[in-house]
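S.K.: Residue numbers (our numbering): 340 to 1249.
Just so it is clear, CB atoms sit at the ideal spot from N, CA and C, and this is done for glycine as well.
Can you keep this structure in mind? I'll have questions shortly.
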RNA sequence: GCGGAGGUUGCCGAGUCAGGUCAAAGGCGGCAGACUCAAGAUCUGCCUCUGUAGGGAUUCGCCGGUUCGAAUCCGGCCCUCCGCACCA
């Protein structure tokens, strides 16, 4: 199909409101949704897959008589759009290049610079790409109801989100507390992944150190560790040989840390004051006492200590740290290690690790890092505290670590210090550190009653593939507190505290509600200025009365909003890609569980896998991003849609590659050719037509069952590949193409239209009738009984031909004549008797054949009533297939070399 | 380490839940033939090994078990991929 024909149907669907469903209480509704796209750029094949799958399902549901609503909207909340526009404003070359690439597809080269200038306003980015996504989606023939489009920036939507958060707050699910975030001191702001240089490639996370006080005569030394459980193996303290140390006061206690540590720490703890610089000698001359083990420890300078990591002071545990051990070794100190952790594997002995990695001194830093990682993992996952650790003896490392940490903190022997997982800077070059926000807002997903309710909701949902149910339950268990608001970014202001903006995943959990009545909400908003809590309560089923004081002229609209919502909600099916599982989808389920009941709860979830291109991951850096627009231009919407359906099951990775694509195109072109050359004729009722019809009845039923089970790939292969193959076969059996196609035309076009709607619409109008195939119904075929037998007969015929070929191959005989002898009356009778009554009442003549019957029973059958007549009828075909003459005989036992059994005639070549 | 998915004949990929009809669908690719001046497209056959009669042997990650019978069920092991969090 050319782009023009596709465009033609897209416009006609649009004009006739084919995909704008009316509320209709007489029909079952079906609400299908896909997470809204984030509008910072155009979409690629990967995004298209999920929407295409959803559209195929939506179209199928229409054929089954459902009143289908397939809406979409756009997401604009969060920091990325803001960050991008800021970067464009700053003139960041990578970002400019990225947006030039996006724009290239849509704009003339001379207009691009102006567009990029406009993009300094984040709203311009959002609205530009929303518009382009709509155009791209239209060009793929999606049956989306475009009258319901809205964005997360729309004021009526934000009223809805505010209502949602007030409801969550009423339920006690929103809390405030302190929370560490990545932070830029230069910019005095929190930073997200996209603000960090290479933040998307090499993720930066927050690590939690235990900063432990080692008290000395004049002041305390604070050493930070990720492994507080090793404190029992301590031998000494290390400070950096080159680091600059300062004395400061923390809640009245004098502590020594590096200058860098001080600068970071003021963003994390309260009551910290700088007092003065501290010389190394002042530290080295003192001894410091360790908590728990109560040892007086020496301080030693070492090169490997990084003054800009943690506090710049570390404690030495040579029994469990490669660095510590090798440093002591290099300095000629004693190497009497204390092992405080034991593993069953015994792989964690420090000396054997050092020798097995071939580490000689501190210069082998790569080897040391590798060995450290292995040791760390091994001990963390398999280790137990050994018997010399007091009350912690015998506990797993995991348990002991948390316990020791909390015990030390409770006893004022330690505090938590946060550090970045790697050294990082922002794209503008400022250092990234960790700051603790004291009044961070959270949604508390850890509440048990909430989890329990969510599990019940999950139990009642359908999942495809089914194993995601388990994933969902796990995600519900794992979820704890989640920060739900940020100090920057686009989005809805938190109703409890408008200095905060609701974070972008948290504002998108129950939003499909708004698809049901966005147009009423808009009117209500325009009339009332705010859609307040009480009005929302009424619309979304929390109260039965429109609140007092609402002007009469808007009451009907409010009632309509509620009715629309009552009719359409909940979501019958939601489709997403699996990376959304542990975050968005879990929030989606849990927020519904908290706020709604009964039919409003999520119905089903279809989780698709990713798209790769020529076997490798699609990413900007690889330059293999294929935009949706280029697909519909280069190939056609229908070919893309067909490819999505046929090339991989929903749950498997889909590989976009030219090779597979060209074979799909070939098949598609065969279909088009068959349709183009079709001339209606009257069927003749021949055997090949009956067989073809029988097969098609089976195929259409299997298509419908597969689609119902969301097994789109099977469905497509059945209704497309299998039917095409049957068509070819029926032709070789003497069928006339036109009359064959005529038999199945109507149903075939309807079923194929879910995959290739434009093509089918075209032929539907040309050959069937002037209605939309997109609105046509499809039912299962009634199987009348004759279908199986005609199919079995054809199989019988093919088996005989295959047998003849095999004999020919085995013997090397190229036959000039083939004699096929079918079983005679007596054997037919005998087989019938055995199949019905067993072997008991056989006569003597019959009994001699029983052993042979038993041996060959697999191939013996009664599937053809009169084998002689059947073979005789098809003698010409057999003869042509084999290229030799064919004799058909009715055999009685004894005449030929082998016994001819029913379903398995004897064959003689000569 | 925990949780999940998976390992099938040259490749991709069905089949495994409900054991026999499975040498195992379909596609790709390859080989041979038909058609064609030729190529392409299309069609037919073959593609684990073997066999002068439609058969046999060995296969579905590895080892063992249950069973008359296992790609399918059970136990153990090896390997690959994904998630393990606050990030959209």
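1. With respect to the alpha helix (DSSP H) encompassing residue 1060, which residues constitute its N-terminal and C-terminal limits?
2. What's the C-alpha gap between residue 920 and residue 993?
3. Going along the chain, which residues of its own chain have a beta-carbon closer than 8 Å to the beta-carbon of residue 769, five neighbours each way excluded?
4. Between which two residues does the beta strand (DSSP E) containing residue 469 stretch?
5. With a floor of 3 residues, list each beta strand (DSSP E) that falls wholly inside the stretch 386-459, ordered by position along the chain.
6. Judging by CA-CA distance, which residue of 991, 547, 691 is the nearest neighbour of residue 519?
7. Just mark residue 740 as buried or exposed, buried being the case when its beta carbon has 16 or more other beta carbons within 10 Å.
8. Only counting the same chain, and skipping five residues up and downstream in sequence, which positions put a Cβ closer than 6 Å to that of residue 1200?
9. Nearest to residue 435 by alpha carbon, out of 458, 953, 585?
10. If contacts are defined as beta-carbon pairs under 8 Å, then residue 1113 and residue 482 qualify, I think. What distance do you get, rounded to the angstrom?
11. Using 8 Å as the threshold, is the C-beta distance between residue 344 and residue 379 below it?
12. What distance in whole Å lies between the Cβ atoms of residue 1129 and residue 1215, which are believed to be in contact at a cut-off of 8 Å?
13. Below 8 Å between beta carbons: does that hold for residue 1162 and residue 1103?
14. Determine the closest residue to residue 606 out of 897, 773, 469, with distance taken between C-alpha atoms.
15. Which class does residue 1204 belong to by DSSP, given the choice of helix, strand or coil?
16. For residue 903, collect the residues of the same chain with a Cβ closer than 6 Å to its Cβ; drop the 5 residues on either side in sequence, then sort them by chain order.
17. What does the alpha-carbon distance come out to for the pair residue 654 and residue 662?
18. Thinking just about the alpha-carbon of each residue, which of 846, 528, 586, 565 is nearest to the one in residue 711?
19. State the start and end residues of the unbroken beta strand (DSSP E) segment that holds residue 1160.
20. Can you name the residues that DSSP bridges to residue 518?
21. Along the alpha helix (DSSP H) that carries residue 1150, what are the first and last residues, could you check?
22. Do you know whose CA, among 474, 430, 951, lies nearest residue 445's CA?
23. Tell me the rounded alpha-carbon separation between residue 1146 and residue 1152.
24. Could you tell me the distance, in whole angstroms, from the CA atom of residue 1020 to the CA atom of residue 496?
25. Please state the DSSP three-state secondary structure of residue 705.
26. Along the chain, where does the alpha helix (DSSP H) containing residue 342 start, and where does it finish?
27. Check whether the Cβ atoms of residue 456 and residue 349 sit closer than 8 Å, and answer yes or no.
28. Residue 490 bridges to which residues according to DSSP?
29. Can you list, in chain order, the residues of its chain whose CB lies under 6 Å from that of residue 1169, leaving out five sequence neighbours each side?
30. Measure the CB-CB distance between residue 651 and residue 592 and report whether it falls below 8 Å.
31. What do you get for residue 365, buried or exposed, if any count of 16 or more other CB atoms within 10 angstroms of its CB means buried?
32. Tell me where the beta strand (DSSP E) around residue 612 begins and ends.
33. Mind checking residue 441: buried by the 16 CB within 10 Å criterion, or exposed?
34. For the structure I just gave you, are there three or more beta carbon pairs, one from the stretch 897-912 and one from the stretch 754-767, closer than 8 Å?
35. Starting from the C-beta of residue 1245, find all residues in its chain whose C-beta is less than 6 Å away, skip the five residues before and the five after it, and write them out in chain order.
36. Is the stretch 732-752 touching the stretch 686-704 in the sense that three or more CB pairs, one from each, lie closer than 8 Å?
M.R.: This is what the structure holds:
1. No alpha helix (DSSP H) holds residue 1060; DSSP gives it neither H nor E.
2. Rounded to the nearest angstrom, the two C-alpha atoms are 18 Å apart.
3. 523, 524, 525, 526
4. Premise fails: residue 469 lies in the alpha helix (DSSP H), 461-478, not in any beta strand (DSSP E).
5. As far as the stretch 386-459 is concerned, its whole beta strand (DSSP E) runs of at least 3 residues are 406-408.
6. When only C-alpha atoms are compared, the closest one is 547.
7. Buried: at least 16 other Cβ atoms inside 10 Å.
8. 1242
9. Minimum Cα distance to residue 435 is reached at 458.
10. 7 Å
11. no
12. Approximately 19 Å separates the beta-carbon atoms of residue 1215 and residue 1129; this is outside 8 Å, ruling out the contact.
13. no
14. 773
15. coil
16. 855, 856
17. 11 Å
18. 565
19. It spans 1156-1161 - the beta strand (DSSP E) in which residue 1160 sits, taken as one unbroken run.
20. 776
21. 1125-1150
22. 474
23. A direct Cα-Cα distance of roughly 8 Å separates residue 1146 from residue 1152.
24. 57 Å
25. helix
26. 342-354
27. no
28. 413
29. 1185
30. no
31. exposed
32. 611-617
33. buried
34. no
35. 1160, 1235, 1237, 1239
36. With a cut-off of 8 Å, the stretch 732-752 and the stretch 686-704 do not count as touching, because too few Cβ pairs lie within range.
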